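> Handing you this structure, nothing more for now.
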Ligand SMILES: [Zn+2]
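Residue numbers (this note's numbering): 329 to 752.
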């Protein structure tokens, strides 16, 4: 009996340890600062710029257009890169859409659980004025759902950013001046997510979220199944620091969050005192603390101002305000390409679909000879793939190719034919 109880306690302790929020942004930040010496200087310049704008300004409701908008939210176009090693990690569109909905609630204080914000903190709780939408135009100008799916050979990603590069089993970032990049995949060691450093390299810009902590429903797992990991990490992407300033009673550079000694975990209640912060205590329901999804529910006005400062003219994310990927008309999609024989007779090959994501089908027609070789070249003329056409219809796996225009050359030794296709 005693042993059973002891065993149960052990199991429960183990579960509690596993179920703690694990954001690696601070550790990642140190790593990037070490790797890229210029980032610290750039981050300091952005900090000085933020300070120069001051706090407690609401650019939106004041209508003074310091950020270029006089009314309405700041629009953030989003691309979600889903990296999956097995089919269960290939999360549904519905799960992605659920996450976008949560971001829109949390960043405009439309979340249903604002009623849980402690009365003493309600005066500083704020709508941050951001609206998130999946991109409608991709980097090449074609229509997109804003969701990119890639199979990967990597079973679990670390904070080394491999998830952000096709050459390392991930998927390349889309232009950070036009999109917020969100990568979703399996992360090692219980990591829930991390964000890039404001002022860091553009190819690494965006947030990474574990597929078990993204959106609601589907693969999301309690206690991180209410989409708050993305809310938290995008807070970092918008220049917020953890409420304890990542050090003992540290400074988060926001004046209306009380100092606190360290992170709060799980789901605290009542007043939790630290760092002489009586009578308010820790603001453990802040999205930038480490509590469970269902126990966090607010950003403050000071945090809003810090985030919005990035969108003032000259700010780090000001170019995003000019992104047209939510509004522009997409280019007409290329359709299946048909190549005529040199004599102008019957087509010799048909290629589809176009654009293609993971595979293209090459169909030989007419008198084209089986055994013909096929070569794929990228836009700078580098050969990236070869294959032999051993049957009339051949499927080529192109999932390892990066996005862009490719040229497929079919040659039977006497004559060659070239067709162009788009890899999405
Ligand atoms: Zn964090």
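Just so you know, even glycine gets a beta-carbon here, dropped at the ideal spot from N, CA and C. Fair warning: this is a prediction, and the values are worked out from it, not measured in the lab.
Find the nearest neighbour of residue 554 within the set 540, 651, 635, judged by alpha-carbon distance.
540
> Would the beta-carbon of residue 505 fall within 8 Å of that of residue 405?
no
> Measure the beta-carbon distance from residue 536 to residue 491 and round it to whole angstroms, keeping in mind my assumption that it falls under 8 Å.
6 Å
> Using DSSP with H/G/I as helix, E/B as strand and the rest coil, what is residue 539?
Residue 539 falls in the helix class under three-state DSSP.
> Taking the C-alpha atoms as reference points, what is the distance between residue 711 and residue 443?
60 Å
> Sort 448, 751, 570, 630 by Cα distance to residue 681 and report the nearest one.
751
> Taking only three categories from DSSP, how would you classify residue 449?
helix
> Distance, Cα to Cα, residue 402 vs residue 739?
52 Å
> What separation, rounded to the nearest whole angstrom, lies between the Cα atoms of residue 601 and residue 609?
4 Å
> Compare the beta carbon distance of residue 634 and residue 457 with 8 Å and say whether it is the shorter of the two.
No. Outside cutoff.
> Which residues end up in the neighbourhood of ligand 1 when you take C-beta atoms closer than 6 Å to any of its heavy atoms?
Near ligand 1, meaning a Cβ closer than 6 Å to any of its heavy atoms, lie the following residues in chain order: 351, 353, 560, 564, 570.
> Let me confirm a value: residue 369 is counted as buried when at least 16 other C-beta atoms fall within 10 Å, else exposed. Which label applies?
Per the 10 Å Cβ criterion, exposed.
> Taking DSSP's pairing of strands, which residues face residue 745 in a bridge?
Answer is 738, bridged to residue 745.
> Is DSSP giving residue 367 helix, strand or coil here?
Helix.
> Classify residue 313 as buried or exposed, calling it buried when 16 or more other Cβ atoms lie within 10 Å of its own Cβ.
Since the displayed the chain opens at 329 and closes at 752, residue 313 lies outside it and no answer follows.
> Looking only at C-alpha atoms, which of 433, 408, 429 sits nearest to residue 765?
One cannot answer for residue 765 here, as it falls past the ends of the chain, which runs 329 to 752.
> For residue 705, which residues in the same chain have their Cβ closer than 6 Å to its Cβ, ignoring the five residues on either side in sequence?
Beyond the five residues adjoining it in sequence on each side, residue 705 comes within less than 6 Å, by CB distance, of 711, 735 in the same chain, given in chain order.
> When you compare each of 513, 549, 528, 566 to residue 415 by their alpha carbons, which one comes out closest?
513
> DSSP three-state label for residue 502, please.
coil
> By the 10 Å Cβ neighbour count, where 16 or more other Cβ atoms means buried, how is residue 548 classified, buried or exposed?
Residue 548 should be labelled buried.
> According to DSSP, is residue 554 helix, strand or coil?
coil
> Quick one: residues in its chain with C-beta nearer than 7 Å to the C-beta of residue 582, no 5 flanking neighbours on either side, listed in chain order?
Cβ neighbours of residue 582 beyond the five flanking positions: 628, 630, 631, 634.
> Give a yes or no on whether the C-beta atoms belonging to residue 426 and residue 559 are separated by under 8 Å.
Judged by their CB atoms, residue 426 and residue 559 are not nearer to each other than the 8 Å cut-off.
> Sort 407, 418, 573, 494 by Cα distance to residue 353 and report the nearest one.
If we check each option's Cα against that of residue 353, 573 comes out closest.
> Does DSSP put residue 466 in a helix, a strand or coil?
coil
> Determine, using beta carbons only, whether residue 516 and residue 489 come nearer to each other than 8 Å.
The beta carbons of residue 516 and residue 489 sit no closer together than 8 Å.
> Could you work out which residue in 460, 356, 509 is closest to residue 476 when comparing CA atoms only?
509
> Alpha carbon to alpha carbon, how far is residue 467 from residue 493? Give it in angstroms, no decimals.
16 Å
> How big is the Cα-Cα spacing for residue 524 and residue 372?
15 Å
> Only counting runs of 3 or more residues, tell me where the beta strand (DSSP E) segments fall wholly within the region 590-627, in order along the chain.
none
> Among 538, 643, 727, which residue has its Cα nearest to the Cα of residue 376?
643
> Going by the CB atoms, is the gap between residue 542 and residue 428 shorter than 8 Å?
No, these two residues do not count as a Cβ contact at 8 Å.
> According to DSSP, residue 732 sits in a beta bridge with which residue or residues?
751
> Could you pull the start and end residues of the beta strand (DSSP E) that residue 439 belongs to?
Unbroken run through residue 439: none, as it is neither H nor E.
> Quick one: what's got a C-beta closer than 7 Å to residue 392's C-beta in the same chain, skipping five residues either side?
The predicted position of residue 392 is uncertain, since its pLDDT is 41 and thus under 50; no value can be drawn from it.
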